[in-house]
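Chemist: To convert, take the position in the sequence shown, counting from 1, and add 1; that gives the working numbering. Got a structure for you, questions after.
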Amino acid sequence: MRTTLNLDSALMEEAGEYAGLKEKTALLHEGLRALIQREAAARLAALGGKETKAAAAPRRKTRPRR
2 MRTTLNLDSA
12 LMEEAGEYAG
22 LKEKTALLHE
32 GLRALIQREA
42 AARLAALGGK
52 ETKAAAAPRR
62 KTRPRR
């Protein structure tokens, strides 16, 4: 998808230095991935133990070592 954006040059330059990326498209993709990952982790953490009807996950039985 193509789009036109007005970006802060200094912000893009600093982000590129941190990410080690020079291409603007790659830098924006990486930034969006990082944002999605952060927000997904925050949502998962917010769920923390709120499912009252959840059953315990089954555990695998391991064989004793010989």
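Note that the Cβ used here is the ideal one computed from N, Cα and C, for glycine as well. No experiment lies behind these values; they were computed from the predicted model shown.
Give me the Cα-Cα distance between Gln-38 and Ala-47, rounded to the nearest whole angstrom.
Modeler: For this step, residue 38 is matched to residue 37 along the sequence shown. For this step, residue 47 is matched to residue 46 along the sequence shown. Taking the straight line joining both Cα atoms gives about 14 Å.
Chemist: Does DSSP put Thr-26 in a helix, in a strand, or in coil?
Modeler: In the sequence shown, the residue the question calls residue 26 occupies position 25. Thr-26: helix per DSSP, three-state reduction.
Chemist: Taking the Cβ atom as the reference point for each residue, do Gly-17 and Lys-23 lie within a distance shorter than 9 Å?
Modeler: The residue labelled residue 17 in the question sits at position 16 within the sequence shown. The residue labelled residue 23 in the question sits at position 22 within the sequence shown. In contact: Gly-17 and Lys-23 (Cβ atoms closer than 9 Å).
Chemist: Secondary structure at Met-13, three-state DSSP: helix, strand or coil?
Modeler: Start at 1 with the first residue of the sequence shown, and residue 13 comes out as number 12. In the structure shown, Met-13 sits in a helix (DSSP, three-state: H, G or I).
Chemist: Is it true that the CB of Leu-28 sits closer than 9 Å to the CB of Ala-20?
Modeler: For this step, residue 20 is matched to residue 19 along the sequence shown. For this step, residue 28 is matched to residue 27 along the sequence shown. Yes, the Cβ-Cβ distance between Ala-20 and Leu-28 is below 9 Å.
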